[in-house]
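Heads up: the sequence shown runs through residues 310 to 466, numbered per this note's numbering.
Note that beta-carbon positions come from the ideal geometry of N, C-alpha and C, so glycine has one too.
Computed from a predicted model, the values in this text were never measured in an experiment.
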Amino acid sequence: MPLFSGTFSLSPHKLCIQHLIMGTRSAIGYQLPSGKIKAVYCHFDGYPEHQLPILNKHYSTISAVKSLIKPGSMSCLRSTDTWQSTFQKDADGRTNYDLPKTHQRDPQPVYHCERGDGEKPVIRASSTAEKYWRNMDCEHLYVYHSEHNYWQHIELY
Numbered sequence: 310m311p312l313f314s315g316t317f318s319l320s321p322h323k324l325c326i327q328h329l330i331m332g333t334r335s336a337i338g339y340q341l342p343s344g345k346i347k348a349v350y351c352h353f354d355g356y357p358e359h360q361l362p363i364l365n366k367h368y369s370t371i372s373a374v375k376s377l378i379k380p381g382s383m384s385c386l387r388s389t390d391t392w393q394s395t396f397q398k399d400a401d402g403r404t405n406y407d408l409p410k411t412h413q414r415d416p417q418p419v420y421h422c423e424r425g426d427g428e429k430p431v432i433r434a435s436s437t438a439e440k441y442w443r444n445m446d447c448e449h450l451y452v453y454h455s456e457h458n459y460w461q462h463i464e465l466y
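Here you go:
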């Protein structure tokens, strides 16, 4: 049995692995009046096709964005799972992916603090924020600008 399945593609800058339990890491935050950026780490599904629709729909005000990042780093931006969610087993003890998971909830972020760890929001000068999050292995940075009510997407790789 293979260790994992998926497709690989090599580029000069990265090895892309799909369908392997890995995350497309991102940082999500907002620009402070001083121009600095306050942001948190998000492990899974950081690509713009996933994050931007959620950010635009559910976090379109500065108060919503502040509430989003206040708890700190997160596993994912929007999920019905909790840290206790598990797939149910059938009568033979095999995982049945068609049955609903246990410990489900309304869609919301899954924060690392819910499992007892995680990082607080980080404040960096806008001139150093991209480098900081790139060094944290983030591929994308999303910054909310309250003066114009829009999300800016910055590719970090």
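Starting from the Cα of Ile371, find the closest Cα among Gly338, Gln360, Met383 and Cys351 and give me that residue. Ranking Gly338, Gln360, Met383 and Cys351 by Cα distance to Ile371 puts Gly338 first.
Just the Cα atoms here: how many angstroms apart are Phe353 and Cys385? If you take the alpha carbons of Phe353 and Cys385, they lie about 5 angstroms apart.
Would DSSP call Cys351 helix, strand or coil? Strand, per DSSP.
Tell me whether Gly402 is buried or exposed, calling it buried when 16 or more other Cβ atoms sit within 10 Å of its Cβ. Label assigned to Gly402: exposed.
Determine the direct distance from the alpha carbon of Ser369 to that of Ser475, and round the result to whole angstroms. Residue 475 falls outside the range modelled here, since the chain spans only 310 to 466, and no answer is possible.
What residues in its chain sit with their C-beta under 7 angstroms from that of Gly381, if we drop five residues either side in the sequence? The beta carbon of Gly381 is closer than 7 angstroms to those of Val349, Tyr420, His421, Cys422, Gly427, Glu428, Lys429 and Pro430 in its chain, skipping five residues each way along the sequence.
In angstroms with no decimal places, state the Cα-to-Cα distance between Lys379 and Asn444. Their Cα atoms are separated by approximately 22 angstroms.
Helix, strand or coil for Leu386? Go by DSSP, reduced to three states. The three-state secondary structure of Leu386, taken from DSSP, is strand.
To the nearest angstrom, how far is the alpha carbon of Glu439 from that of His462? Spanning the two alpha carbons is a distance of roughly 11 angstroms.
I need the DSSP call for Ser435, collapsed to helix, strand or coil. Assignment of Ser435 by DSSP, reduced to helix, strand and coil, places it in the helix class.
Assuming Leu377 and Pro418 form a contact by the criterion Cβ under 8 angstroms, report the distance between their Cβ atoms to the nearest whole angstrom. Beta-carbon to beta-carbon, Leu377 and Pro418 are separated by about 7 angstroms, close enough to satisfy the 8 angstroms threshold.
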